[in-house]
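S.K.:
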Amino acid sequence: MVTIKTERLLLEPLGSKHLKTVHKYASDYENTKYMVHLPNKTIEETTDFLQRAEAEWKRDKPSYYEFAVLYNGRQIGAVSIYLGDDMSGELGWIISKEYWGQGIAYEAAKALLEYAVKHLQIRHFIAHCDMKNIASYKIMEKLGMVRTGIHGGRKNKSSDEERTEYQYELFI
C-alpha cells in the first residue's frame, strides 16, 4: 500500500473506509461550489466514487491515484493525480472547509507531485480550476505552475451557469 508522509499529513489510498468523512465534504455546497463533479447529492454517489477509487488502487498500473489526506489521524480531504497517455498528470484536491487556510492542500499537492516525479516519472503536470477559485489557483502558483490557458464552457455541477476555467501547467 502506497502512503506518503509529510511534516503534518499522511496520504493513504482513498477508499470505502473514508465514506463518512468524504461524504461530509463532498456533499457540502460551500465546499464544492467551484467543482465540476461535485457536490454529491446522495451517499450512493459517494459510495460509487470510493469503490471506483479502491478498484483503481488494485490494478497493476493504475490510471489515477486518489489519496485520502489525514491530518492528526483524521481524514479531512483528498488529493489526486490522473495520468495521461503522454506521461502527464492532472492534479486535483479538496479539503474540508473547516481546514481551509492552513496550507494543507498545498502540502498534500506538493507531496503528491514529488511522489509522481520520483515514482511515476511524471514530468508534466496540469491543473484546472474555476477562475473564481482563488485559493486553488494560488496553490497552483505556489507549486510553481504557470497559467497556460483561460477557457470558457466550464460547467460546475452545482450551477447552470457557464463558467471560465484557468489551466495551469508545470514542466519538470
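Residue numbers (the numbering used here): 12 to 183.
Note that beta-carbon positions come from the ideal geometry of N, C-alpha and C, so glycine has one too.
1) Which residues bound the alpha helix (DSSP H) around I115?
2) Residue range of the beta strand (DSSP E) that L25 falls in?
3) Looking only at C-alpha atoms, which of H34, F182, E41 and E65 sits nearest to E55?
4) What does the alpha-carbon distance come out to for the pair P24 and S91?
5) Extract the residue ranges of the beta strand (DSSP E) inside the stretch 150-175, only unbroken runs of 3 or more that lie entirely within it.
6) Between the stretch 60-69 and the stretch 99-119, are three or more C-beta pairs nearer than 8 Å?
7) Ordered along the chain, which non-local residues of its own chain (more than five positions away) have a Cβ less than 6 Å from that of T32?
8) Counting C-beta neighbours from all protein chains within 10 Å, is the total for E176 16 or more, i.e. buried, or is it exposed?
9) Whole angstroms are fine: how far does the CA of G164 sit from the CA of V13?
10) Curious, which full-length beta strand (DSSP E) runs of at least 3 residues does the stretch 22-106 contain?
11) Measuring CB atoms only, is the stretch 34-43 touching the stretch 151-162, in the sense that at least three cross pairs come out at less than 8 Å?
12) On a CA-only basis, which of K44, E77, H139 and N83 is nearest A89? Give me that one, please.
13) Mind checking which residues open and close the beta strand (DSSP E) that includes I137?
14) With distance defined between alpha-carbon atoms, name the residue in S169, N144 and M151 nearest to E118.
15) Is it buried or exposed for F182, if we count other Cβ within 10 angstroms and need 16 for buried?
16) Just grab the DSSP bridge partners of I145 for me.
17) Would you please state the rounded distance, in angstroms, between the beta carbons of V80 and L20? I believe it to be under 8 Å.
M.R.: Working from what's here:
1) I115 to L131
2) Where L25 is concerned, there is no enclosing beta strand (DSSP E), given that its DSSP letter is neither H nor E.
3) H34
4) 10 Å
5) 157-166
6) no
7) Q86
8) buried
9) 36 Å
10) 75-82, 85-94 and 99-106
11) no
12) E77
13) H135 to D141
14) M151
15) exposed
16) In DSSP, I145 forms no bridge with anything.
17) 6 Å
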